[in-house]
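To keep things clear, I will list the structure first and then write my remarks on it.
Residue numbers (UniProt numbering): 1 to 330.
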């Protein structure tokens with residue numbers, strides 16, 4: 001049975017270190033297609049992709065190599081201009097915004113504790129929890145609110161969720177929402193306002209829909225709506241050390257921090273977690289969203305893969321996907 005996983009296998013044929021090059025694409029511009037596809041077996045890739053259209057849950061796939069699209073396909077009523085909820089891929093955008101806030105001096109560094117970042121708090125536990133803990137899912141907080149209720153929770157309600165101790169990985173949407181509150185108090189802007197000044201224009205993204213709640217603070221964990229072409233640009237930005245054209249909008253130091261292992265997860269297929277980025281075995285980094293939304297970046301190979309799906313149970317799907325990426329590409 002041909003699957004999206006086969007695309008990842010065939011993409012391995014595309015790649016070699018000899019083809020990798022350093023780029024500073026202007027990501028405000030639209031993608032360009034590769035003119036020369038002779039360096040890999042495009043017919044085999046095209047054959048696999050054509051068979052994927054039979055799968056009811058795959059809606060879009062893009063493969064970008066050395067800054068150019070080598071394959072782009074949409075299925076099941078989806079289209080190039082369709083926007084969709086990227087779900088937890090949003091977290092990696094949130095990480096990027098926090099990195100920019102640190103780069104620009106709004107926040108001292110990721111080791112700052114939350115009692116110094118969230119004003120007027122009376123919660124003593126915040127003295128033990130750093131921004132590093134929030135970004136690496138190791139805050140020690142329980143996941144106190146379901147979707148989308150964490151977005152409407154007040155800062156105080158989030159601060160006073162149940163807790164144990166920081167340091168161990170626990171995937172937690174509610175605690176992740178505190179990242180948006182930190183951004184809000186540090187910059188005096190909502191995450192959307194900050195992104196519309198510092199990130200989205202450099203990626204060619206124009207005022208996207210992004211769920212907000214308390215104090216108009218946006219959802220740090222999910223709910224950003226983008227086109228697939230726009231979503232994948234975040235991966236390319238990281239491959240380009242934070243450069244978009246002639247402007248470096250995110251420091252290479254932050255990218256190195258965000259995509260290096262900060263804590264071990266309880267998922268054998270994805271053993272590492274950085275700052276709101278998943279880190280599979282070997283090379284690369286991934287942003288993964290519910291239903292099969294993902295960005296996979298491989299800097300040493302100049303490769304970014306993006307997918308939009310609508311599968312209900314994506315745990316098995318994503319586990320298989322990561323296994324294929326590890327065995328066939330990384």
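Every residue, glycine too, gets a C-beta built ideally from N, C-alpha and C.
Quick check: the Cα distance between residue 144 and residue 172, rounded to an integer number of angstroms? Computed Cα separation, rounded: 9 angstroms.
On the three-state DSSP scale, how would you describe residue 273? Taken through DSSP and simplified to helix, strand or coil, residue 273 comes out as strand.
In the DSSP assignment, find the unbroken alpha helix (DSSP H) run with residue 193 in it and report its ends. 191-198 is the span of the alpha helix (DSSP H), which, as asked, contains residue 193.
Closest by C-alpha distance to residue 289, when choosing among 88, 25 and 27: Checked all of 88, 25 and 27; the closest Cα to residue 289 is 88.
Whole-angstrom distance between residue 305 and residue 232, CA atom to CA atom: If I take the Cα positions, the gap works out to 7 angstroms.
Kindly indicate which residue of 225, 72 and 57 has the alpha-carbon position closest to the one of residue 292. With distances taken between CA atoms, residue 292 lies nearest to 57 out of 225, 72 and 57.
Once DSSP output is grouped into helix, strand and coil, what is the label at residue 310? Correct three-state label for residue 310: coil.
Cβ-based neighbour list, residue 112, same chain, cut-off 8 angstroms, excluding 5 preceding and 5 following: Result list for residue 112: 130 and 131, in chain order.
Taking CB distances under 9 angstroms as the criterion, tell me whether residue 95 reaches chain B. The displayed structure is made up of one protein chain only, and chain B is not part of it.
Close beta carbons around residue 197, own chain, < 8 angstroms, minus the five adjacent residues each side: So the qualifying residues of the chain are 189.
Which of the three DSSP states is assigned to residue 231 in this structure? Here residue 231 sits in helix by DSSP.
Give the secondary structure of residue 64 by DSSP, where H, G and I count as helix, E and B as strand, and everything else as coil. The answer is strand: DSSP assigns residue 64 an E or B state.
Tell me the DSSP bridge mates of residue 210? Paired residues: 224.
Buried/exposed call for residue 375, threshold 16 Cβ in 10 Å: Only positions 1 to 330 of the chain appear in the structure, and residue 375 is not among them; the question remains open.
The beta strand (DSSP E) that contains residue 146, what's its start and end? Judged by DSSP secondary structure, residue 146 falls outside any beta strand (DSSP E); it is assigned neither H nor E.
9 angstroms Cβ cutoff met for residue 36 and residue 302: Not in contact: residue 36 and residue 302 (Cβ atoms no closer than 9 angstroms).
For residue 186, collect the residues of the same chain with a Cβ closer than 7 angstroms to its Cβ; drop the 5 residues on either side in sequence, then sort them by chain order. Here the set comprises 101, 106, 107 and 117.
For residue 92, the nearest candidate out of 235, 239 and 310 (CA to CA): Comparing alpha-carbon positions, the option among 235, 239 and 310 lying closest to residue 92 turns out to be 235.
Going by beta carbon distance, what residues of the same chain come within less than 6 angstroms of residue 3, once the five residues before and after it are set aside? Reliability of the predicted coordinates at residue 3 is poor, the pLDDT of 48 falling under 50, and no value is obtained from them.
For residue 207 and residue 86, I'd like the C-alpha separation in whole angstroms. Straight-line Cα distance between these residues: approximately 15 angstroms.
Where does residue 159 land, buried or exposed, given buried means 16+ other C-beta within 10 angstroms? Residue 159 is buried by the Cβ-count criterion.
Could you pull out every residue in the same chain whose Cβ sits closer than 6 angstroms to the Cβ of residue 278, ignoring the five residues on either side in sequence? Here the set comprises 270, 286 and 288.
Could you tell me which of 252, 309, 264 and 273 sits nearest to residue 299, measuring between CA atoms? For the options 252, 309, 264 and 273, the alpha carbon positioned closest to that of residue 299 is the one of 252.
According to the Cβ coordinates, are residue 257 and residue 220 closer than 9 angstroms? No, the Cβ-Cβ distance between residue 257 and residue 220 is not below 9 angstroms.
When you compare only the Cα positions, how much space is there between residue 199 and residue 247? Annotation: residue 199 to residue 247 spans about 11 angstroms, alpha carbon to alpha carbon.
List the endpoints of the continuous beta strand (DSSP E) containing residue 342. An answer regarding residue 342 cannot be provided, because it is not within the stretch 1 to 330 covered by the chain.
In the structure shown, what three-state DSSP assignment does residue 3 receive? Because residue 3 sits at a pLDDT of 48, beneath the cut-off of 50, its placement in the model cannot be relied upon, and the following sentence gives the value as read from the coordinates. It is coil, neither helix nor strand.
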